[in-house]
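In the working numbering, the protein residues as written are 30 to 293.
So this is what it looks like as C-alpha cells:
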C-alpha cells in the first residue's frame, strides 16, 4: 500500500477511535465520511466509493464493537436477553439495508448518510429532554425494532448506537446498560452488514485489489490498528475536558460534513 494511503487510513482510525471514546458515538459516523473523501481523493473505487466506504466501515466496526462489548460485559453492562431478542431482526434488517444499498447510486448513498449526520449533529447541539419510560415490547416488537435498527445502520455503515441507546433508555434501562447492550447489538449489525456488502458488491467492475465486494481490507486493518489505542484515550479525556462544549463543536462539524457530502 502506498504510504500516503496508509497514513490516511491510520489517521481516520485514530480520529474515529478518539471521538468515539470521547463522545460515545459509533466510529462509523467518522469513518464513513472520511473514507468517502479519502477514496475520492486517492481514486479508489471510482463510482463505488460511497459503497466501499460503508462496507469497509461495517467490517472495521466488527473488531471495535467486539472489544467494546467485552469491556461492558466484564462490568455487567450488557442485557444479553435483549441482545438475543433484537438480534434476529437486526440480522435480517442489516441484510435488507445492504441489499438496498447495492441498488442505490453512490450519490444517493452519500445523501442518505448526510441526512443521518444531520440527525446526529442536531442531537449533539440540542439538549435532550427526559421523557417517560415505555415498557419493553414483546418478541415480535423486538424483532421489528431490531429490523429497523439493522436496516438503517447497515445502510449508513454504523453500529447503531445513536438509535439503539435512545430506544433502550426510553424503555427504562440504566444508561450504562443501554450503552453496553447497544455495543453488543452493534456486533451482529456489523457482521451481517459487512457480509451483505461483500455479497452485493461481489464482481463489480472498478473495485480495488484486496477488496471483497464493497469491503476494502487494507483500510479495515489500518483503521483497527489505529482505533484500538485511541478509543480508551478518548474515554479518559471525557472525564477531564468540557465535553458539553466539545459536543456542540462536534455537532457543528458533523453538520458541515453533511453539507459537503450532500452538495459538494
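Positions of the beta carbon are idealized from the N, C-alpha and C atoms, including for glycine. Since the structure is predicted, the reported quantities are computational estimates derived from the model, not experimental observations.
Cβ neighbours of residue 141 within its own chain (closer than 7 Å, five residues either side excluded): 184, 185. The beta carbon of residue 151 sits closer than 8 Å to those of 280, 284, all from its chain and outside the five residues before and after it, given in chain order. Boundaries of the alpha helix (DSSP H) around residue 153: 135 to 154. DSSP places residue 102 in the uninterrupted alpha helix (DSSP H) bounded by 78 to 103.
If you check the CB distance, residue 59 and residue 36 do not come in under 8 Å. Note on the region 192 to 236: whole alpha helix (DSSP H) runs with a minimum of 4 residues are 204 to 230, in chain order. Beta-carbon to beta-carbon, residue 90 and residue 242 are separated by about 16 Å, too far to satisfy the 8 Å threshold.
The beta-bridge partner set that DSSP reports for residue 241 consists of 244.
Taking 8 Å as the cut-off, the beta carbon of residue 56 is found no closer than this to the beta carbon of residue 63. Not a single unbroken stretch of the beta strand (DSSP E) spanning 3 or more residues falls wholly within the region 45 to 71. Shortest Cα-Cα distance from residue 83 to any of 194, 198, 265, 229 involves 229.
Taken atom to atom, the span from the alpha-carbon of residue 136 to that of residue 61 is near 14 Å.
Rounded to the nearest whole angstrom, the C-alpha separation of residue 105 and residue 203 is 12 Å.
Look at residue 277 here: in three-state DSSP terms it is helix. For residue 249, same chain residues with a beta-carbon under 7 Å away, outside a window of 5 residues either side, are 85, 88, 89 in chain order. A contact is defined here as three or more CB-CB pairs under 8 Å, and the region 108 to 124 meets this definition with respect to the region 163 to 173. Distance from the Cα of residue 39 is smallest, within the candidate group 132, 258, 217, for 258.
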